[in-house]
Amino acid sequence: MQIHRNAHVRDFTVLPNAALRDRRLSFAARGLLAHLISLPDGSPETIRSLAEDNPDGRQGIATAFDELKRHGYFHVWRQKNPTTGQITTHTAVFDIAQVTPEPATADPGPRDDGTPGQHPLVKNQGEEPSLPPTEAPRLTPPPPQPPEPSATPVDSPEDSPVDSPEAAGMLFRLADAEPRLRIGVAEAATLAPLAAEWLARGATERDLRTALLPGLPRRIHCAAALLRSRLQSKMPPVPTPKPPAPERHECAHCRAPIPHPGICRPCAGVEPTPDTSGFIAATRRGAARARAAMHGRPTPALA
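Okay, so the sequence shown: first residue is 232 according to our numbering, each after it adds one.
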């Protein structure tokens, strides 16, 4: 089969092959995922609106949604307003399956059938938006996800030799230089073990700022997700121990430096001690000539 792909400069969507080839999903679910990811952030799509003029119908769309929810591509959670008591349903779609369980709901409530009044879809744009950013109403972001597995092992908070409060304080101070990176206390507690691992590997607060602040996108949808991604991808390597300095040894008799324990060759009688009498005599004659010159006396002749 020949594959023909055109180069696009606008109005296109990028999806990872891991999602498009996920054999746990039916082709209907994969098509629904591609459609949802292609929408602008905050689009008010529901099962009812998607089923209009669609051959799969409402039941087919609902089944595809169930597949996406079961395998971590689509999350639904409910939030209760503490003042009014009203329960609002929130949804989020991800281009990479999230293996964490969905957040606890305040009230089981009826099954989502696409009735109006639900929160619009929120896309996972922590890495990069699939479409050019569009102006959309500010939405409540999905609950923070734990760090995804990375090639670089990261110690748990209990194993980290650096206190997490110190690392969390460094993350809070990033907002002094870039207010868009302001995070909450709960988000800082989640990210602190990663920052603490940086410190344990010899990094400084300046190193953190150099890694996290440059090259930020114009719009930051979730500061915690962006910080988590950069903390993981730019984690410094584990420092290698320095080779031990060569051990110094001295002769047990004359204290002369030697490359190994024991006594030197002259003390062992292997080679004669060098004769230094001529050098000493020459030194004394030179000193006498220098003193005579300083006091204006005739310079003694060299022997």
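Even for Gly, the Cβ is constructed at its ideal location relative to N, Cα and C.
Cβ-based neighbour list, residue i, same chain, cut-off 7 angstroms, excluding 5 preceding and 5 following
i, result
"C498", "C482, H484, C485"
"M401", "A426, E436, L439"
"L246", "A265, I268, D326"
Nonlocal neighbours in the same chain, by C-beta distance under 6 angstroms from residue i, ignoring five residues either side
i, result
"V393", "With a pLDDT of only 45 at V393, under the threshold of 50, the placement of this residue in the model should not be trusted; the figure read from the coordinates follows. Only A427, L430, A431 meet the Cβ criterion."
"P339", "With a pLDDT of only 46 at P339, under 50, the local geometry of the prediction cannot be trusted, and the value read off the model is given with reservation. Excluding sequence neighbours, P339 sits near nothing in its chain."
"R411", "I451"
"I494", "C482, A483, H484"
"A295", "A259, A260, L263"
"A417", "none"
"H302", "R255, A328"
"A406", "L412, R413"
With 16 other Cβ atoms within 10 Å as the buried cut-off, status of residue i
i, result
"T322", "buried"
"V501", "exposed"
"H491", "exposed"
"V324", "buried"
"A249", "exposed"
"E298", "buried"
"R459", "buried"
"H526", "exposed"
"F243", "exposed"
"L457", "buried"
"T441", "exposed"
Closest Cα partner of residue i within the set the options
i, options, result
"A423", "P410, T441, R440, F403", "F403"
"H452", "D272, D287, H239", "D272"
"M466", "P448, D438, R479", "D438"
"P470", "G433, G288, R449", "G433"
"E397", "A419, H480, R252", "A419"
"T421", "T441, E409, A399", "A399"
CB contact check: residue i to chain B, cutoff 8 angstroms
i, result
"R432", "Among the chains in the structure shown there is no chain B, since it carries only a single protein chain."
Chain-order list of residues whose beta-carbon lies under 8 angstroms from that of residue i (same chain, five-residue window excluded)
i, result
"L185", "Because the chain here runs from 232 to 534, residue 185 falls outside it and cannot be looked at."
field: Whole alpha helix (DSSP H) elements within the segment 276-313, 4-residue minimum
entry: 278-282, 288-301
query: Whole alpha helix (DSSP H) runs in the segment 388-469 with 4 or more residues, listed along the chain?
result: 395-408, 416-431, 436-443, 454-464
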